[in-house]
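Engineer: In UniProt numbering, the protein residues as written are 1 to 326. Yeah, the Cβ is synthetic: ideal placement off N, Cα and C, and Gly gets one too. Handing you a structure now.
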Ligand code: PMT
């Protein structure tokens, strides 16, 4: 029964969601990356980040978007690297990116100046970084260059829901050979609704035709085949976002029960920067920043990553075998 459901999700993916032309190349890149780092003694985490886009027309003018700035994923990527992981960063094009996220509020032209040496300004070789911004830029640049030299971050971009689904499947298959050394950290905000390719109008929908009525199909829950079929030994974390706190933990427990993976990070939209609950089949651990910590710039992602990397270590040490729960 379960097998039939999984293969029907696979079939649906192939039939109703356009397959990106570069998916096989990306899969090979991810598999090489995973193998190289595993051989070097590192674990590998696949982070999904940002929101998916669902087109309403095949020559797309309009689309539905899921909300996510990508900060959770980008910040977590940095903390995973600090903890010794290699990171595949499957993110929405132009959402927040590890390291450069720190400069989101800075206009690059405000950070640069001409140094006036001989009474003239404007020589390219005289461009310098604003002294006030320098310490911060140097700190982040050092981290970024170390990560680049070590080849510790593999960025992969998606825009649409179709790209996300196919690339996540490819990632799961690419990480299959490294078994329990792989972690999936599914922080992306993924649409639950879509218009099948066969029902999508080709051209821009005309407002002259009157009010628009949309009928959307349900997106298959990709967690199901990911956990049971594509990467059964991996350590899988999903995220649960609600706006109503009173239903959050119940929904998180239900997700764990349904998909049989290892943990759900539950968060409420308005408080997600300072408070989450890590829910596992046995425990519910609240992680919360104090006001003082927030002022000092401590990030909740540091706590989330620390909690999950310890849990991953315990699982690898105590049971290096199959990860799917019964
Ligand atoms: O990016 P930020 O602004 O920092 O915000 C971070 C966040 C709030 C987006 C993040 O912390 C978060 O909660 N992400 C998940 C939000 C979400 O879309 O939840 P969901 O209930 O739609 O999905 C739950 C899980 O099922 C997700 O891990 C998702 O990867 C998975 N899913 C969803 C849809 C689908 N068709 N298949 C899936 O497997």
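Look at the alpha carbon of residue 315 and the alpha carbon of residue 17, and state the distance between them as a whole number of angstroms.
Structural biologist: About 35 angstroms.
Engineer: Just to confirm before moving on: does the CB-CB distance between residue 260 and residue 227 stay below 8 angstroms?
Structural biologist: Yes; because the gap between Cβ atoms is below 8 angstroms, this pair is in contact.
Engineer: Provide the residue span of the beta strand (DSSP E) that contains residue 266, from first to last.
Structural biologist: From DSSP, the beta strand (DSSP E) with residue 266 extends over 263 to 268.
Engineer: Give the straight-line distance between the Cα atoms of residue 258 and residue 248, rounded to the nearest whole angstrom.
Structural biologist: The alpha-carbon atoms of residue 258 and residue 248 are separated by roughly 15 angstroms.
Engineer: If you reduce the DSSP assignment to three classes, tell me which class residue 328 lands in.
Structural biologist: Outside the shown range of the chain, which is 1 to 326, sits residue 328, and nothing can be said about it.
Engineer: What number of angstroms, rounded off, separates the C-alpha of residue 2 from the C-alpha of residue 165?
Structural biologist: Confidence at residue 2 is low in this model, with a pLDDT of 49, below 50, so the placement of that residue should be treated as unreliable; the coordinate-derived value is given next. Between residue 2 and residue 165, the C-alpha separation is close to 20 angstroms.
Engineer: With DSSP as the reference, label residue 315 as helix, strand or coil.
Structural biologist: In this structure, residue 315 counts as helix in the three-state DSSP scheme.
Engineer: Check residue 99 in the structure and name its three-state DSSP category.
Structural biologist: If DSSP states are grouped into helix, strand and coil, residue 99 belongs with coil.
Engineer: Buried or exposed: where does residue 255 fall if 16 or more other Cβ atoms within 10 Å of its Cβ makes it buried?
Structural biologist: Per the 10 Å Cβ criterion, buried.
Engineer: Spatial neighbours of residue 36 within its chain, please: C-beta separation below 6 angstroms, excluding the five flanking residues on both sides.
Structural biologist: Nothing listed; no residue qualifies.
Engineer: Out of 213, 137, 142 and 113, which one is the CA nearest neighbour of residue 128?
Structural biologist: Comparing Cα-Cα distances from residue 128 to each of 213, 137, 142 and 113, the minimum goes to 113.
Engineer: What does a CB cutoff of less than 8 angstroms around residue 178 pick up in its chain, not counting 5 residues either side in sequence?
Structural biologist: The answer, listed in chain order, is 34, 35, 38 and 44.
Engineer: For residue 327, name the three-state secondary structure that DSSP assigns.
Structural biologist: Residue 327 falls outside the range modelled here, since the chain spans only 1 to 326, and no answer is possible.
Engineer: Taking the CB atoms as reference points, tell me whether residue 231 and residue 158 lie closer together than 8 angstroms.
Structural biologist: No, the Cβ-Cβ distance between residue 231 and residue 158 is not below 8 angstroms.
Engineer: If you draw a straight line from the C-alpha of residue 51 to the C-alpha of residue 107, how long is it?
Structural biologist: Distance between the alpha carbons of residue 51 and residue 107: 24 angstroms.
Engineer: In terms of alpha-carbon separation, which member of 271, 262, 270 and 267 lies closest to residue 281?
Structural biologist: It is 262 whose Cα lies nearest to the Cα of residue 281.
Engineer: Compute the Euclidean distance between the alpha carbons of residue 181 and residue 42, then round it to the nearest angstrom.
Structural biologist: Rounded to whole angstroms, residue 181 to residue 42 spans 8 angstroms at the Cα level.
Engineer: If you draw a straight line from the alpha carbon of residue 268 to that of residue 307, how long is it in whole angstroms?
Structural biologist: If you take the alpha carbons of residue 268 and residue 307, they lie about 19 angstroms apart.
Engineer: Tell me, to the nearest whole angstrom, how far the beta carbon of residue 278 is from that of residue 287; I am working on the premise that it is less than 8 angstroms.
Structural biologist: Yes, they are in contact, since the Cβ atoms of residue 278 and residue 287 sit about 7 angstroms apart, within 8 angstroms.
Engineer: If you follow the beta strand (DSSP E) that residue 157 is part of, which residue opens it and which one closes it?
Structural biologist: It spans 153 to 158 - the beta strand (DSSP E) in which residue 157 sits, taken as one unbroken run.
Engineer: Put residue 66 into one of helix, strand or coil per three-state DSSP.
Structural biologist: DSSP places residue 66 in coil when its eight states are reduced to three.
Engineer: If you draw a straight line from the C-alpha of residue 189 to the C-alpha of residue 122, how long is it?
Structural biologist: One C-alpha to the other measures close to 45 angstroms.
Engineer: Are the stretch 54 to 64 and the stretch 79 to 99 touching by the rule of at least three beta carbon pairs closer than 8 angstroms?
Structural biologist: Contact fails: fewer than three Cβ-Cβ distances are below 8 angstroms.
Engineer: With DSSP collapsed to three states, give me the class of residue 83.
Structural biologist: Correct three-state label for residue 83: coil.
Engineer: Say the cut is 7 angstroms; is the CB of residue 159 nearer than that to a heavy atom of the ligand PMT?
Structural biologist: Residue 159: no, Cβ never under 7 angstroms from the ligand PMT.
Engineer: So residue 216 and residue 195 are in contact, right, with Cβ under 8 angstroms, and what is the actual spacing, rounded?
Structural biologist: The pair is a contact, with the Cβ atoms about 6 angstroms apart (cut-off 8 angstroms).
Engineer: Rounded to whole angstroms, what is the Cα-Cα separation between residue 304 and residue 285?
Structural biologist: Those two C-alpha atoms are separated by around 10 angstroms.
Engineer: Beta carbon of residue 49, beta carbon of residue 187: below 8 angstroms?
Structural biologist: Cβ atoms of residue 49 and residue 187: closer than 8 angstroms.
Engineer: Terminal residues of the continuous beta strand (DSSP E) containing residue 260?
Structural biologist: It is not in any beta strand (DSSP E) - residue 260 carries neither H nor E in the DSSP assignment.
Engineer: Take the Cβ of residue 15 as the centre, count every other Cβ of all protein chains shown within 10 Å, and call the residue buried at 16 or more, exposed below.
Structural biologist: The residue is exposed, with fewer than 16 neighbouring Cβ atoms inside 10 Å.
Engineer: For chain B, find out if any of its Cβ atoms is closer than 8 angstroms to the Cβ of residue 230; answer yes or no.
Structural biologist: The structure shown contains no chain B, having only a single protein chain.
Engineer: Around the C-beta of residue 24, are 16 or more other C-beta atoms found within 10 angstroms, so that it is buried, or is it exposed?
Structural biologist: It counts as exposed.
Engineer: Are the beta-carbon atoms of residue 239 and residue 265 separated by less than 8 angstroms?
Structural biologist: For residue 239 and residue 265, yes; Cβs fall inside 8 angstroms.
Engineer: I want to check one thing, is the minimum distance from the CB of residue 186 to the heavy atoms of the ligand PMT below 7 angstroms?
Structural biologist: Yes, since a heavy atom of the ligand PMT falls inside the 7 angstroms radius drawn around the Cβ of residue 186.
Engineer: Suppose you measure from the CA of residue 46 to the CA of residue 299; what does that come to, to the nearest Å?
Structural biologist: Answer to the nearest angstrom: the Cα atoms are 20 angstroms apart.
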